[in-house]
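*Asks:* Residue numbers (the working numbering): 51 to 544.
1) Can you grab the Cα-Cα spacing for the pair residue 531 / residue 298, in whole Å?
2) Can you tell me where the beta strand (DSSP E) with residue 507 in it begins and where it stops?
3) Taking the beta strand (DSSP E) that residue 494 falls in, what are its first and last residues?
4) Reducing DSSP to helix, strand and coil, say where residue 89 ends up.
5) Sort 92, 234, 248, 295 by Cα distance to residue 267 and report the nearest one.
6) Leaving out the 5 sequence neighbours to the left and right, which residues in its chain are closer than 8 Å to residue 132 when beta-carbon positions are compared?
7) Decide if residue 143 is buried, meaning its Cβ has at least 16 other Cβ atoms within 10 Å, or exposed.
8) Does the ligand SAH have a heavy atom nearer than 6 Å to the CB of residue 86?
9) Within 10 angstroms of its Cβ, does residue 232 collect 16 or more other Cβ (buried), or is it exposed?
10) Looking only at C-alpha atoms, which of 124, 78, 84, 82 sits nearest to residue 66?
11) If you scan the region 215-272 from start to end, which runs of the alpha helix (DSSP H) of 4 or more residues do you find wholly inside it?
12) If the criterion is Cβ atoms closer than 7 Å, does the pair residue 461 and residue 308 meet it?
13) Leaving out the 5 sequence neighbours to the left and right, which residues in its chain are closer than 8 Å to residue 293 when beta-carbon positions are compared?
14) Let me make sure I understand the geometry here. Which of 455, 445, 467, 88 has the alpha-carbon closest to that of residue 474?
15) Do residue 275 and residue 289 have their beta-carbon atoms positioned less than 7 Å apart in this structure?
16) Assuming residue 119 contacts residue 158 under a Cβ cut-off of 8 Å, what Cβ separation, rounded to an integer in Å, is found between them?
17) Which one of 265, 271, 253 has the shortest CA to CA distance from residue 281?
18) Please report how far the alpha carbon of residue 536 lies from the alpha carbon of residue 487, in whole angstroms.
19) Under DSSP, the alpha helix (DSSP H) around residue 182 begins and ends at which residues?
20) Can you tell me which of the three DSSP states residue 71 falls into?
21) Once the 5 residues before and after residue 372 are set aside, which same chain residues still bring their CB inside 7 Å of it?
22) Rounded to the nearest angstrom, how far is the Cβ of residue 284 from that of residue 190, given a contact under 8 Å?
23) Looking only at C-alpha atoms, which of 99, 82, 88, 154 sits nearest to residue 63?
24) Quickly, what does DSSP pair residue 141 with across the bridge? List them, please.
25) Under 7 Å, do residue 296 and residue 79 count as touching if we go by C-beta distance?
26) Is the distance from the Cβ of residue 493 to the Cβ of residue 483 below 7 Å?
27) Confirm, please, whether the CB-CB distance from residue 175 to residue 218 is below 7 Å.
28) Can you list, in chain order, the residues of its chain whose CB lies under 6 Å from that of residue 468, leaving out five sequence neighbours each side?
29) Along the beta strand (DSSP E) that carries residue 199, what are the first and last residues, could you check?
30) Measuring alpha carbon to alpha carbon, tell me which residue in 480, 443, 453 is nearest residue 466.
31) Pick from 102, 203, 227: whose alpha carbon is nearest that of residue 177?
32) With DSSP run on the structure shown, which of helix, strand or coil describes residue 308?
33) Figure out for me which residue from 146, 517, 273 has the closest Cα to the Cα of residue 503.
34) Can you tell me the Cβ-Cβ gap for residue 464 and residue 513, rounded? I've got them flagged as a contact below 8 Å.
35) On the criterion of 16 or more Cβ atoms from any shown chain inside 10 Å, does residue 342 qualify as buried, or is it exposed?
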């Protein structure tokens, strides 16, 4: 395993502290174990830092700046390229199975193919000045509070919100130009001007013919997500377009870590490391101490991101659907190759969520609970003494919805302590679950059974757990009913 590079100065030491936990969090999604995650993160971090140093201050022969990503997304793309190298050199068995399928698909090839065919968000972010791109990424994808972002980037906190608005508009402008430069067929070209007009206005309705086109065209759907700055879809567009696979799950982890106050180091971290130049001698941590501290912080952030927890009102963080929610949106048209706890993240960002997500009340009994006779590989059957004894309340919420697809969460509050759980429900309109996180699933007909992941089986009495998923629908997308927990009917809703 290669050593992490040594910081060249105090500013780079602070950047190392801020970036490592993000790299490790994404590497954990990409691998099949903690040891493999640490090695992948270390290799990717080393390669990414070398690339950043090489590209610093470089310009093209025509005098223009070489397009490049800010530090964190650059390191995250380094994780993806390092994972591709593992797959190519016989270490693919250490990667997540869904990632391996993605790496060998046409979706992955887009990130290394001709520049004009690469994801629009990736091209748009690269075309921005690095400081502007960093502000957009930290606020939208890393989900950091604006005061923290301003401190990290040396901005005036009182003007940060206005600056972020300008940067969002700049990103839209870059994406619009790149969209028009993209080779398109006649059909896509005919919708380009209409797409620009519709996405500029928050209240504009999407014409039916354009909506059908966006449901069928990957490139135009990506463009719609990047051009529509309102509706909360920008984080998903950025993560899906820049990171690629796993962007959806990465967004959720970073949002949870940010809410827990564990997303990255402080902007003045370099002054405490003992490596800042020209300072009075302090007890020096040196390189070893600095990296040990960074690993400790990232470990805490990763632990928090893996834990299901709620806010003071008993609502799980996953189930929030406001305009600042960092929930990602994946391509609903391609189902996950396997029912695993980690979703296969497509590169398509669908249309923004509709303004009124539904919250359901579920009181109908489930005389014959289904879905408990078989469970996904690696999931345990709940203890026999828990069967039919669960007292629970359920909150079902549609976070995003687009033509033929949607994203939803199921949050369950259990009156009893649980050492394992399975929650099941019935879809009334033939909806299908295609991807799930914070749990594994099976579906038989309209009945879906979600089982606990290895890290969130235990639930305290009165505690809340949640699963999130991507699903598909046809004519209607009514809320499910007949919710059960470990075979017992859920008595009410929150």
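We put the beta carbon where it would ideally sit given N, CA and C, even for glycine.
*Replies:* Let me spell this out:
1) Each residue's Cα considered, the two are about 26 Å apart.
2) For residue 507, there is no enclosing beta strand (DSSP E), as DSSP marks it with neither H nor E.
3) 490-494
4) Per DSSP, reduced to three states, the secondary structure at residue 89 is helical.
5) 234
6) Around residue 132, the same chain offers 90, 93, 94, 97 as residues with beta carbons nearer than 8 Å, after the five sequence neighbours per side are excluded.
7) So residue 143 ends up on the exposed side.
8) Absent from the structure shown: the ligand SAH. Ligands present: none.
9) It counts as buried.
10) 124
11) Within the region 215-272, the complete alpha helix (DSSP H) runs of at least 4 residues are 236-250, 258-266.
12) no
13) Correct list, in chain order: 76, 123, 126, 127, 130, 300, 395.
14) 445
15) no
16) No, residue 119 and residue 158 are not in contact; Cβ-Cβ is about 18 Å, not under 8 Å.
17) Per the C-alpha coordinates, the member of 265, 271, 253 positioned closest to residue 281 is 253.
18) 19 Å
19) 180-190
20) helix
21) Unreliable placement is indicated for residue 372, whose pLDDT of 39 sits below 50; the coordinate value is still reported in the next sentence. Result list for residue 372: empty, nothing under 7 Å.
22) Confirmed, Cβ separation roughly 5 Å.
23) The shortest Cα separation from residue 63 among 99, 82, 88, 154 belongs to 99.
24) Residue 141 is not bridged to any residue.
25) yes
26) yes
27) When the beta-carbon positions are compared, residue 218 and residue 175 stay at least 7 Å from each other.
28) The beta carbon of residue 468 lies closer than 6 Å to those of 509 in the same chain, with the five residues before and after it left out.
29) From DSSP, residue 199 is part of no beta strand (DSSP E) but of the alpha helix (DSSP H) over 196-203.
30) Answer by Cα proximity: 443.
31) 227
32) helix
33) 517
34) 6 Å
35) Legend: pLDDT at residue 342 = 45, less than 50; position of this residue unreliable, value from coordinates given subsequently. Answer is exposed; the Cβ neighbour count stays below 16.
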